[in-house]
Amino acid sequence: VYQRPNTVEVASFFGTPNILPAKVRQRHSEGGRFRLEVEGDGWSGPCFAAEPFNVGEKVEVIVRAENLRATNPSQGTHGQIVWSGMIIQSIYRGAQRSVTVATGNSDIRMEAPAISSLDIGSNIEVSVDAVGAWAVRTTS
Numbered sequence: 210v211y212q213r214p215n216t217v218e219v220a221s222f223f224g225t226p227n228i229l230p231a232k233v234r235q236r237h238s239e240g241g242r243f244r245l246e247v248e249g250d251g252w253s254g255p256c257f258a259a260e261p262f263n264v265g266e267k268v269e270v271i272v273r274a275e276n277l278r279a280t281n282p283s284q285g286t287h288g289q290i291v292w293s294g295m296i297i298q299s300i301y302r303g304a305q306r307s308v309t310v311a312t313g314n315s316d317i318r319m320e321a322p323a324i325s326s327l328d329i330g331s332n333i334e335v336s337v338d339a340v341g342a343w344a345v346r347t348t349s
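Residue numbers (our numbering): 210 to 349.
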């Protein structure tokens with residue numbers, strides 16, 4: 210339920226996930242679930258879903274803050290969704306650092322190790338593997 214909720218409401222009940230509107234560009238069946246290629250405002254990439262959304266259908270992509278990581282562009286990002294932006298908030302929380310990245314029309318929240326050098330005003334790329342992004346039916 211936590212990583213693979215059926216609705217945005219269920220996902221939001223268990224924390225504060227990133228909820229990103231997108232449109233389905235491709236769909237592939239993989240062992241009882243569906244791998245989608247989705248496109249949002251200024252980003253695109255793969256995620257999974259429990260139902261067979263149609264190409265062109267609107268979805269909400271749920272990404273938990275702890276599934277995101279700072280990305281080194283030179284290492285490649287094949288099979289991931291990647292956002293570029295600027296750090297607008299970085300809060301030390303003991304073992305973790307809560308970071309907010311402004312990426313154009315969306316703010317992405319991520320959790321990083323406390324020792325990470327993630328300073329406010331720094332430009333950053335943030336990524337998630339396909340298994341860390343889950344699409345559900347849009348509520349609007």
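For glycine and all other residues, C-beta sits at the position ideal for the given N, C-alpha and C.
Exercise. Does the segment 300 to 311 come close enough to the segment 244 to 252 to have 3 or more Cβ pairs within less than 8 Å?
Worked result: No contact exists between the segment 300 to 311 and the segment 244 to 252.
For this session: Report yes or no: do the segment 230 to 241 and the segment 323 to 332 share at least 3 C-beta pairs separated by less than 8 Å?
Result: Taking a cut-off of 8 Å for Cβ pairs, the segment 230 to 241 and the segment 323 to 332 do not touch, as fewer than three such pairs fall below it.
For this session: Rounded to whole angstroms, what's the CA-CA distance from residue 273 to residue 212? Just pull it up for me.
Result: Rounded to whole angstroms, residue 273 and residue 212 show a C-alpha spacing of 8 Å.
Problem set entry | 8 Å Cβ cutoff met for residue 247 and residue 268 | Between residue 247 and residue 268, the C-beta gap is smaller than 8 Å, which places the two residues in contact.
Exercise. At what residues does the beta strand (DSSP E) containing residue 229 begin and finish?
Worked result: It spans 227 to 239 - the beta strand (DSSP E) in which residue 229 sits, taken as one unbroken run.
Exercise. What are the boundary residues of the beta strand (DSSP E) that residue 346 is part of?
Worked result: From DSSP, the beta strand (DSSP E) with residue 346 extends over 342 to 346.
Problem set entry | Cross-strand partners of residue 243 (DSSP beta bridge) | Bridge partners of residue 243 according to DSSP: 238 and 258.
Problem set entry | Span of the beta strand (DSSP E), counted from its first residue to its last, around residue 338 | Residue 338 -> beta strand (DSSP E) spans 332 to 338.
For this session: For residue 294, count neighbouring Cβ atoms within 10 angstroms of its own Cβ and tell me buried if that reaches 16, exposed if not.
Result: With 16 or more Cβ atoms within 10 Å of its Cβ, residue 294 is classed as buried.
For this session: Output the distance between the C-alpha atoms of residue 341 and residue 297, rounded to the nearest integer angstrom.
Result: Straight-line Cα distance between these residues: approximately 23 Å.
Problem set entry | For residue 315, the three-state DSSP class (helix, strand or coil) | In this structure, residue 315 counts as coil in the three-state DSSP scheme.
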